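J.: Dropping the structure in here first, questions after.
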Amino acid sequence: MTGSGLSGSYSGGRRENIIRFSQIGRVLVRHGFGFIFDVRRGRRERRGLEELLAPNFGIRLRRTLDDLGPTFVKFGQLLSTRSDLIPEGILVELQKLQDTVAPIPLDTAQAMIEGELGLPAGDLFAEFDPVPLGSASIGQVYRARLQEGDVVAVKVQRPEAQARVEADLALMRDFAALLNARFGDRIFIDVTELVAEFEGVIRRELDYEAEARNARRFAVNFEGTPVKIPRIYTELSAHRVLTMEYIEGTRFHDIRPLLLTPDERRRVATMGAEAIFKMAFEDGFFHGDPHPGNLILTPRGELALLDFGMVGFMSQGDIEALSRLFIAVIQRDAAAALRSLEGLGVRYATEVRGDLVQELREFLYRYSGLSVGEVTLGQALGELISLARRYRLSMPPVFPLLTKALVTAEGLSRSIDPTINVYEVARPYARRLLRERYEPAALMGRTEERALEYARYLEEYPEQLRQLLAELEDGTLEVKFRHGGLDELGGEVDVLANRLVFAVITGALLIGSSLLGAFATGGPQVPYLSVPVVAFAGFTLALVMATVLLVVIFRSNRL
Numbered sequence: 001m002t003g004s005g006l007s008g009s010y011s012g013g014r015r016e017n018i019i020r021f022s023q024i025g026r027v028l029v030r031h032g033f034g035f036i037f038d039v040r041r042g043r044r045e046r047r048g049l050e051e052l053l054a055p056n057f058g059i060r061l062r063r064t065l066d067d068l069g070p071t072f073v074k075f076g077q078l079l080s081t082r083s084d085l086i087p088e089g090i091l092v093e094l095q096k097l098q099d100t101v102a103p104i105p106l107d108t109a110q111a112m113i114e115g116e117l118g119l120p121a122g123d124l125f126a127e128f129d130p131v132p133l134g135s136a137s138i139g140q141v142y143r144a145r146l147q148e149g150d151v152v153a154v155k156v157q158r159p160e161a162q163a164r165v166e167a168d169l170a171l172m173r174d175f176a177a178l179l180n181a182r183f184g185d186r187i188f189i190d191v192t193e194l195v196a197e198f199e200g201v202i203r204r205e206l207d208y209e210a211e212a213r214n215a216r217r218f219a220v221n222f223e224g225t226p227v228k229i230p231r232i233y234t235e236l237s238a239h240r241v242l243t244m245e246y247i248e249g250t251r252f253h254d255i256r257p258l259l260l261t262p263d264e265r266r267r268v269a270t271m272g273a274e275a276i277f278k279m280a281f282e283d284g285f286f287h288g289d290p291h292p293g294n295l296i297l298t299p300r301g302e303l304a305l306l307d308f309g310m311v312g313f314m315s316q317g318d319i320e321a322l323s324r325l326f327i328a329v330i331q332r333d334a335a336a337a338l339r340s341l342e343g344l345g346v347r348y349a350t351e352v353r354g355d356l357v358q359e360l361r362e363f364l365y366r367y368s369g370l371s372v373g374e375v376t377l378g379q380a381l382g383e384l385i386s387l388a389r390r391y392r393l394s395m396p397p398v399f400p401l402l403t404k405a406l407v408t409a410e411g412l413s414r415s416i417d418p419t420i421n422v423y424e425v426a427r428p429y430a431r432r433l434l435r436e437r438y439e440p441a442a443l444m445g446r447t448e449e450r451a452l453e454y455a456r457y458l459e460e461y462p463e464q465l466r467q468l469l470a471e472l473e474d475g476t477l478e479v480k481f482r483h484g485g486l487d488e489l490g491g492e493v494d495v496l497a498n499r500l501v502f503a504v505i506t507g508a509l510l511i512g513s514s515l516l517g518a519f520a521t522g523g524p525q526v527p528y529l530s531v532p533v534v535a536f537a538g539f540t541l542a543l544v545m546a547t548v549l550l551v552v553i554f555r556s557n558r559l
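Residue numbers for the sequence shown follow full-length UniProt numbering, so the first one is 1 and each next one is one higher.
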């Protein structure tokens with residue numbers, strides 16, 4: 001059961017955190033990650049590389065997160081969206097993590113409703129089903145009926161969720177700092193940054209008022225389309241209680257495609273693909289977790305979306321960059337595709353630009369020779385993500401989240417109708433983007449934007465120059481210098497200094513013991529050796545220390 005081994009108090013006190021950290025340590029050791037705590041740097045890094053390359057690494061990581069509890073399970077689910085950072089084999093395992101826990105008692109849920117809404121559940125609802133529709137680590141959902149007769153779904157947050165998440169976040173920040181300090185750039189991932197990203201995601205999921213705002217925004221964006229967003233009952237919602245319209249229908253994972261006519265299969269599959277393309281290319285606001293459980297086919301044939309806690313935002317500039325990327329791919333322009341990726345916030349080492357452009361060109365031409373039915377969007381994006389990992393491209397979190405949403409949407413559409421071609425669905429968007437991009441009004445608008453941008457630069461440059469000269473005059477100008485290998489050099493110097501001190505102490509003991517043995521005339525003697533006890537003890541200690549030093553040097557392979 002998820003988190004069963006680490007349940008308990010989450011008051012957040014120092015003693016509780018120490019106990020929790022020790023529990024985390026025991027779980028890590030149990031699943032073969034004890035090398036993290038190894039004080040010997042060389043062995044720690046060598047063992048870490050061996051474990052990372054082990055075929056069962058992903059399985060053990062999933063089991064570790066599962067045993068650590070619900071907050072860590074959610075962190076694993078976030079990692080499963082970062083295909084730009086995590087190898088595919090590990091991603092597959094992380095995607096198996098299930099955020100399911102035992103439900104809280106009905107009276108606890110009703111007490112939460114009364115505390116948040118100010119009235120007993122019996123006064124607010126004519127009926128309240130005691131059995132929850134679903135239960136997760138943050139909250140659970142009940143079916144109820146309002147006094148007016150409307151059927152609603154009531155999402156209630158678990159009372160301990162906030163405190164548990166806060167306590168676990170504090171430990172995760174400490175643990176991320178430990179990993180970064182012990183492994184640094186060698187793991188190619190900034191764990192501290194990942195934890196900070198997760199902190200933002202989990203805090204938004206804890207705020208049901210934010211989820212209500214997301215739902216209302218989706219409702220406005222999809223107005224007049226066959227996509228249905230449940231109505232939010234604002235007067236019956238608060239920070240930890242969310243009341244929304246109950247949607248009748250069949251969840252996508254329960255749909256039996258063979259029971260639908262071919263035309264109906266194509267319509268349903270196309271509707272799902274069009275929804276995600278609209279969110280990405282028109283609205284800049286998309287559902288971050290469109291898995292089959294969050295999509296419902298209603299009796300009227302509409303597509304209903306559920307669960308708006310995880311969403312992605314894109315600025316108008318992001319949408320423009322994404323549009324340019326789409327156009328560059330269609331036109332097989334590798335250099336333009338790379339510029340579009342830069343516009344989306346993708347960063348890379350300058351020295352690899354030439355090789356990166358060449359690989360992008362090969363990638364585009366390789367797929368351009370195939371018909372659109374011969375390759376899936378998932379295959380193309382998967383290869384693009386592999387290229388990103390190979391060149392260690394730094395991507396903003398929204399990019400892999402959008403990638404996952406697109407691939408998931410394609411998979412759902414193909415599960416309904418295997419013959420669907422998402423490229424054909426996307427073609428109208430591409431045509432519209434091309435048309436809008438080269439319209440005279442659009443060209444004039446971009447020219448005005450660039451002119452205003454350059455004007456701002458010209459306006460700011462004199463002030464920036466004045467500040468620079470003032471700092472030079474005052475002697476307060478600071479230049480930051482970063483040496484990529486300085487930390488490693490410092491570590492080597494520390495090891496060398498420790499060995500040198502150890503050797504000096506050993507030599508001093510040896511010389512002092514020799515002098516005592518040669519000139520001491522009194523005091524107790526070692527039987528049969530006629531050596532003073534103090535000198536013998538010094539010799540023995542010096543021999544032990546010399547042996548330890550030699551063993552350490554031999555094991556480091558740096559004799």
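Ideal Cβ positions, reconstructed from N, Cα and C, are used throughout, including at glycine.
All figures in this text were calculated on a predicted structure; none of them were measured in a lab.
1) Answer yes or no: do V241 and V156 have a C-beta to C-beta separation smaller than 7 Å?
2) Based on DSSP bridge pairs, tell me the residues matched to S394.
3) Can you find the residues in the same chain that come closer than 6 Å, C-beta to C-beta, to S80, ignoring five residues on each side of it along the sequence?
4) Let me know the secondary structure DSSP gives S137 once reduced to three states.
5) Can F252 and L412 be called in contact, C-beta distance under 7 Å?
6) How far does the beta strand (DSSP E) with residue 561 in it reach, from first residue to last?
7) Let me know the beta strand (DSSP E) ranges lying completely inside the segment 303-360, each 3 residues or longer, listed in chain order.
8) Taking CB distances under 7 Å as the criterion, tell me whether L465 reaches chain D.
9) Can you name the residues that DSSP bridges to L242?
10) Just how far apart, CA to CA, sit I36 and A321?
11) Using the Cα positions of S514 and M172, report the straight-line distance between them to the nearest angstrom.
12) Hey, A215 and F308 are a contact pair by Cβ (cut 8 Å); roughly how many whole angstroms apart?
13) Would you please state the rounded distance, in angstroms, between the beta carbons of G284 and S315? I believe it to be under 8 Å.
14) Buried or exposed for S22, going by 16 or more other Cβ atoms inside 10 Å?
15) Going straight from the alpha carbon of L236 to that of K228, what length do you get?
16) Residues in its own chain within less than 6 Å of E197 by CB, not counting five upstream and five downstream?
17) If we count Cβ pairs, one from each stretch, closer than 8 Å, do we get three or more for the segment 204-219 versus the segment 259-266?
18) Contact defined as beta carbons within less than 8 Å: I believe R158 pairs with G139. What is the distance between those atoms, to the nearest angstrom?
19) With distance defined between alpha-carbon atoms, name the residue in T64, A273 and A349 nearest to S394.
20) Based on the DSSP secondary-structure assignment, which residues constitute the bridge partners of V227?
21) Pairing CB atoms from the segment 349-368 with CB atoms from the segment 324-341, are three or more of them under 8 Å?
22) Scan the segment 79-124 and note each continuous alpha helix (DSSP H) run of 4 residues or more that stays entirely inside, going in chain order.
23) Suppose the cutoff is 6 Å on Cβ atoms and the five residues either side in sequence are ignored; what does the same chain contact list for M310 look like?
24) In the DSSP assignment, what are the bridge partners of I232?
25) How would you call M271, buried or exposed, if buried means at least 16 neighbouring beta carbons within 10 angstroms?
26) Can you tell me whether DSSP reads L49 as helix, strand or coil?
27) Which residue marks the beginning of the beta strand (DSSP E) containing F218, and which one marks its end?
28) Are S340 and R366 touching if we call contact CB-CB under 7 Å?
29) What's the C-alpha gap between P55 and E45?
30) For F313, count the other beta carbons within 10 Å of its own beta carbon; 16 or more makes it buried, fewer makes it exposed. Which is it?
31) So, for T2: in the same chain, excluding its five sequence neighbours on each side, which residues have a beta-carbon less than 8 Å away from its beta-carbon?
T.: This is what the structure holds:
1) At the C-beta level, V241 and V156 come within 7 Å of one another.
2) S394 pairs with R347.
3) L91, L94 and Q95
4) coil
5) yes
6) Past the boundaries of the shown model lies residue 561; the chain is included only from 1 to 559, so the question cannot be answered.
7) 303-305 and 311-313
8) Among the protein chains of the structure shown there is no chain D, as only one such chain exists.
9) Answer is K155, bridged to L242.
10) 40 Å
11) 54 Å
12) 5 Å
13) 7 Å
14) exposed
15) 21 Å
16) P397
17) no
18) 6 Å
19) Ranking the options by Cα distance to S394, first place goes to A349.
20) Residue pairing for V227: DSSP places it in a beta bridge opposite L303.
21) yes
22) 88-94, 106-117 and 121-124
23) G288 and D289
24) M244
25) Under this definition M271 is a buried residue.
26) helix
27) Segment Y208 to N221 is the alpha helix (DSSP H) holding F218; no beta strand (DSSP E) there.
28) No.
29) Cα-Cα distance, rounded: 18 Å.
30) exposed
31) The predicted model places T2 with a pLDDT of 41, which falls under 50 and marks its position as unreliable, so this point remains unresolved.
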